[in-house]
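Notes to accompany the following structure.
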Amino acid sequence: MAIEMTEGATKSKNANANGVNENGKKIIRIQVSKAKKPFFFYLNLAKKYIKQDNDVELCALGTAIPTVVIISEILKSNGWAIEKNIMTSTVGSKEDKEAWDFAGKGCRYGTKHS
């Protein structure tokens with residue numbers, strides 16, 4: 443599933459290897475974990491980078507995906523960010539002759555310009 447919202451932003455899906463998109467804005471990738479830090483840490487970190495006029499990408503695997511959804515809904519509902527796109531993917535891994543699928547999710551946000 444991929445959803446892209448481009449209200450107030452350009453349609454750029456790709457960033458180069460340095461984490462900079464076509465407009466020269468830096469893309470900050472935050473890898474969210476459910477067990478290591480509370481979600482308020484990641485929320486405040488995302489707000490900090492958005493205030494610095496950077497694009498923020500929230501990434502999560504497995505049980506941390508609902509945490510990313512909660513953070514993204516808080517950012518959107520309070521007007522701190524606009525959603526640029528949402529991506530989900532499944533990656534297959536083979537371990538001990540059994541295949542496991544890992545779900546991953548990424549959300550990308552930009553600053554809200556009036």
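Going by our numbering, the first residue of the sequence shown is number 443, and it counts up by one from there.
Built from N, CA and C at the ideal position, the CB exists for glycine as well.
Values in this document were obtained by computation on a predicted structure and should not be read as measured data.
query = Per DSSP, what kind of secondary structure is residue 499 in: helix, strand or coil?
reply = strand
query = For residue 486, which option in 468, 520, 526 has the closest C-alpha, if you only look at C-alpha atoms?
reply = 520
message = Does chain D have any CB closer than 9 Å to the CB of residue 485?
response = Among the protein chains of the structure shown there is no chain D, as only one such chain exists.
message = Let me check understanding here. Comparing Cα to Cα, which of 477, 467, 470, 469 lies closest to residue 504?
response = 477
DSSP three-state assignment for residue 526, whether helix, strand or coil = strand
inquiry  = Between which residues of its own chain and residue 518 is the CB-CB distance below 7 Å, once the five residues before and five after are set aside?
reply    = 525
Distance, residue 510 Cα to residue 469 Cα = 17 Å
ask   = Taking the alpha carbon of residue 501 as the point to measure from, which residue in 495, 492, 514, 522 has its own alpha carbon closest?
value = 514
query = Which residue from 522, 532, 508 puts its Cα closest to that of residue 474?
reply = 508
message = DSSP three-state label for residue 475, please.
response = coil
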